[in-house]
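This report refers to the structure that appears directly beneath it.
In the numbering used here, the protein residues as written are 1013 to 1065.
In C-alpha cells form, the structure reads like this:
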C-alpha cells in the first residue's frame, strides 16, 4: 500500500518528505518572490526552533 501511495504522490508532483534541504528551484522562488535572504532564513529558522522546542 505504501508503494501505491508513493506512486500517486509522485504522479501529482508532490515532493517526498525525506528531503533534508529545499530544492534549488524553491530557494530561487523564495529569493525572487519573497525577498528571502540567507540571513532572513537563518533568523526565521532559529525563532521557529525556539518556539517548537
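Where is the CB? At the ideal position from N, CA and C, for every residue including glycine.
For this session: Check whether the Cβ of residue 1035 lies closer than 8 Å to any heavy atom of the ligand ZN, and answer yes or no.
Result: The ligand ZN is not part of the structure shown, which contains no ligands of any sort.
Problem set entry | Reduced DSSP secondary structure (H/G/I, E/B, other) of residue 1060 | For this step, residue 1060 is matched to residue 48 along the chain shown. If DSSP states are grouped into helix, strand and coil, residue 1060 belongs with the helices.
Problem set entry | Residue-chain proximity (residue 1064, chain B), Cβ-Cβ < 9 Å | This model lacks chain B altogether; it includes just one protein chain.
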